[in-house]
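Chains as they are written, first to last, in the UniProt record's numbering: chain F, 1 to 330; chain A, 1 to 330.
Number of protein chains: 2
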Amino acid sequence: MARIVDVAALAGVSTATVSRVLNGKAVRADLEKAVRKAIDELGYTPNRTARSLRRQHSEVIALVLPDIENPFFTSLARGVEDIAQEAGLSVVLCNTDEDPDKQERYLRIADDENMAGVIVAPAGPSALLRHLTERERAVVVVDRAVPDDVDQVTFDNLELGRRATRALAERGFRRIACVTGPESTPTAVARAQGWREELAEAGLPAPEDLLVHVNFRVDGGEDAMTRLLELATPPDAVLATNNLVGVGALRVLSATDQVDLGLGIIGDLPFVTSPVDNVSLLQLRPREMGLSAARMLVQRIRGEAGPARQIVQPTQPVRLGAPRESGPAR
Amino acid sequence: MARIVDVAALAGVSTATVSRVLNGKAVRADLEKAVRKAIDELGYTPNRTARSLRRQHSEVIALVLPDIENPFFTSLARGVEDIAQEAGLSVVLCNTDEDPDKQERYLRIADDENMAGVIVAPAGPSALLRHLTERERAVVVVDRAVPDDVDQVTFDNLELGRRATRALAERGFRRIACVTGPESTPTAVARAQGWREELAEAGLPAPEDLLVHVNFRVDGGEDAMTRLLELATPPDAVLATNNLVGVGALRVLSATDQVDLGLGIIGDLPFVTSPVDNVSLLQLRPREMGLSAARMLVQRIRGEAGPARQIVQPTQPVRLGAPRESGPAR
DNA sequence: TTGTAGGCGTTATCAG
DNA sequence: CTGATAACGCCTACAA
Chain F
1 MARIVDVAAL
11 AGVSTATVSR
21 VLNGKAVRAD
31 LEKAVRKAID
41 ELGYTPNRTA
51 RSLRRQHSEV
61 IALVLPDIEN
71 PFFTSLARGV
81 EDIAQEAGLS
91 VVLCNTDEDP
101 DKQERYLRIA
111 DDENMAGVIV
121 APAGPSALLR
131 HLTERERAVV
141 VVDRAVPDDV
151 DQVTFDNLEL
161 GRRATRALAE
171 RGFRRIACVT
181 GPESTPTAVA
191 RAQGWREELA
201 EAGLPAPEDL
211 LVHVNFRVDG
221 GEDAMTRLLE
231 LATPPDAVLA
241 TNNLVGVGAL
251 RVLSATDQVD
261 LGLGIIGDLP
271 FVTSPVDNVS
281 LLQLRPREMG
291 LSAARMLVQR
301 IRGEAGPARQ
311 IVQPTQPVRL
321 GAPRESGPAR
Chain A
1 MARIVDVAAL
11 AGVSTATVSR
21 VLNGKAVRAD
31 LEKAVRKAID
41 ELGYTPNRTA
51 RSLRRQHSEV
61 IALVLPDIEN
71 PFFTSLARGV
81 EDIAQEAGLS
91 VVLCNTDEDP
101 DKQERYLRIA
111 DDENMAGVIV
121 APAGPSALLR
131 HLTERERAVV
141 VVDRAVPDDV
151 DQVTFDNLEL
161 GRRATRALAE
171 RGFRRIACVT
181 GPESTPTAVA
191 RAQGWREELA
201 EAGLPAPEDL
211 LVHVNFRVDG
221 GEDAMTRLLE
231 LATPPDAVLA
241 TNNLVGVGAL
251 RVLSATDQVD
261 LGLGIIGDLP
271 FVTSPVDNVS
281 LLQLRPREMG
291 LSAARMLVQR
301 IRGEAGPARQ
311 IVQPTQPVRL
321 GAPRESGPAR
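This is the structure:
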């Protein structure tokens, strides 16, 4: 592997000059030309490890996610990657599996490797996260708000719950249930609170047996839906507050063909196969969230950012049935 | 950030001794104890960049995939990650978007960063890939075979096509169509060839208008399915040769409720919502493929591997309807 | 077994 | 604007 000294020797200059050419600093035109020629001839590319060691930070950012198999996060990752690529950064994807310990481990690695920055959707509180922000490392928190003074891109989850509920109420449903995530998950709680408040405002009942907490996954949605349908007085509509729970609900629905039951889903459904013409969809477009977060991070890395910013990511209006373009990936 | 010299000073030993403790080499017991205590007190962790520079390879492996939003690949990634974690390696996920140029760029980066190894599902032929294997870097190719002499984990795609077709024939279907990927995609062609051969063997017709090449995505499946249903003599069953095409086919089917039409799908359907009781599923379990590939890579990195091995990843037998446990992630 | 010291490849400082 | 040189933090001969 060619090194910078080889290039310097071939071009008849010092390594310092080669380095300057590499980094776009002022160099006499003829020397620059000679250096570029040498680089070409040797097929030289800078050793990024050495560069990182010297510069005290690498050209890699970590994207720390709780579940890499959830399309919400892969889509978000896709957005991050697109911006990172533009900025000449590579992305390391880390899967915490909703495990705070794993999360700490990955954040530690990001620190040890002197990564340029970190984007994290936190699985619980993190001492290391605070530590990183205090040490002025570039950090952006996504999707799940934390109390720390750090750049964040999140949804207004209360508002999401309200809007999705309102859409169902406006369609004439009167007994609207809510399936949401565990009480330990703030986004789940906030969306359910939005459901509660919107129903109160519309003068509709919100009995607690219509609020079901399950895990935020497909089987959670299935369980909840089954339970709701078995109720003595079942709901006439159901709000699923995330994508996977929505998938679970749809499965039960399409297996039992309950055509009359209204359904609302907060989240995107890339691989759904049953018709959703009758489903009120509040699409979150996680890719956009990834774009926002990555842009913030790049600014922070470049030192162009001031005090911590907390952005509320806008979403699509609720609509009936998925528009074609949001279906397949790409 | 504490450095190795700080630990050495605090423990009253040389940096060499600290390094030895860190790397599990023989050190006098009392010194080792002192060193560990100092490490604890300072919260020291080795700087991985410096270590990489010195050792000439890092503890990171690159996973180069053509489409990070396809559940097949995220699941595969999940498997890779699990093994990597055990082996103390981090995984960098790189999305090539089926673009050979992007792929070359990422492979180049993996090389420049002295990564410990690379797992790649190739999007077309790659000069760099050959270059890497020739330079004895740890490389494993997954999912899509290449002619090079390199570790590989792939499916027997011809056999997959045959088995899935046979399952449909055994269910009594007589006019079985095949929807597969572009003719430029070897796996798509091989699976279609399996379809052709199996039909021939069963004495069933395989007219070319029942073989449809589309893109290997959801919209491809939708288009193909629509086209097939409009045929003067439509098929009585359809084989979809990958997961996304299968999703597209299911969408059309559940929108038109063609209950009589047989369907076979090669691939896993984690987020499907319509019932699949009548679908012959040949599950590939990509996570297992990721596990195999990562194990091979780890062996190669450790120098425990000899000549290049080419593994055929086993799959599940064809079955009717998805077993419960393969539905939701996890 | 332990310590000393050189070097991995790059960039930044400081003279010239 | 250019060149020599000293770091960046770690590991590993080599010598003791």
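Don't be surprised by glycine CBs; every beta carbon is placed ideally from N, CA and C.
Everything numeric in this text was worked out from a predicted model, so none of it was measured.
Query	Result
Taking the straight line between their C-alpha atoms, what separation do you get for T241 of chain F and D151 of chain A?	44 Å
With 8 Å as the threshold, decide whether the Cβ of V118 of chain F is near any Cβ in chain A.	no
Can you give the Cα-Cα distance for S19 of chain F and G12 of chain F, rounded to whole angstroms?	14 Å
So which residues of chain F does A255 of chain A contact, with C-beta pairs closer than 8 Å?	P275
List in chain order: all unbroken alpha helix (DSSP H) runs of 4+ residues lying wholly within the region 255-309 of chain A.	286-301
Taking CB distances under 8 Å as the criterion, tell me whether L31 of chain F reaches chain A.	no
At a Cβ cut of 8 Å, what residues of the UniProt domain "HTH lacI-type" (2-55) of chain F count as close to chain A, listed as they run along the chain?	T45, P46, N47, R48, T49, A50, S52, L53
Counting only Cβ-Cβ distances shorter than 7 Å, please list the residues of the region 281-314 of chain A near chain F, keeping chain order.	none
Can you tell me the Cα-Cα spacing of I301 of chain F and G117 of chain F, whole angstroms?	7 Å
What residues of chain F sit near F271 of chain A, judged by a beta carbon separation below 9 Å?	P71, V218, N243, L244, V247, L269, P270, F271, V272, T273
Quick check on the DSSP output: the alpha helix (DSSP H) that includes V64 of chain F runs from which residue to which?	Per DSSP, V64 of chain F belongs to no alpha helix (DSSP H); it is in the beta strand (DSSP E), 60-65.
State yes or no: is the C-beta of P122 of chain A within less than 8 Å of the C-beta of V141 of chain A?	yes
DSSP state of S52 of chain F, grouped into three classes?	helix
Say whether the region 154-167 of chain F touches the region 271-290 of chain F, bearing in mind that this needs 3 or more beta-carbon pairs closer than 8 Å, one atom from each stretch.	yes
Counting only C-beta atoms, is D112 of chain F closer than 8 Å to chain A at any point?	yes
Just the Cα atoms here: how many angstroms apart are G306 of chain A and D257 of chain A?	54 Å
Around the C-beta of R324 of chain F, are 16 or more other C-beta atoms found within 10 angstroms, so that it is buried, or is it exposed?	Confidence at R324 of chain F is low in this model, with a pLDDT of 46, below 50, so its placement is unreliable and the value that follows should be read with caution. Under this definition R324 of chain F is an exposed residue.
G203 of chain F to T154 of chain F, Cα distance in whole Å?	29 Å
Classify Q103 of chain A as buried or exposed, calling it buried when 16 or more other Cβ atoms lie within 10 Å of its own Cβ.	buried
Could you list which residues in chain A have their beta carbon closer than 7 Å to that of L250 of chain F, in chain order?	T273
Counting only Cβ pairs nearer than 8 Å, list the residues of chain A close to S184 of chain F.	The premise fails here: S184 of chain F is roughly 18 Å from chain A at the closest Cβ pair, so nothing lies under 8 Å.
In whole angstroms, give me the CA-to-CA distance for L229 of chain A and P235 of chain A.	7 Å
I'd like to know whether the C-beta of L239 of chain F is nearer than 8 Å to at least one C-beta of chain A.	no
Applying a beta-carbon distance threshold of less than 8 Å, which residues of chain A neighbour S75 of chain F?	E69
Using a Cβ cut-off of 7 Å, which residues of the region 77-90 of chain A contact any Cβ in chain F, in chain order?	A77, R78, E81, S90
Would L42 of chain F pass as a contact of L22 of chain F if the rule is Cβ separation under 8 Å?	no
Can a CB atom of chain A be found closer than 8 Å to the CB of R108 of chain F?	yes
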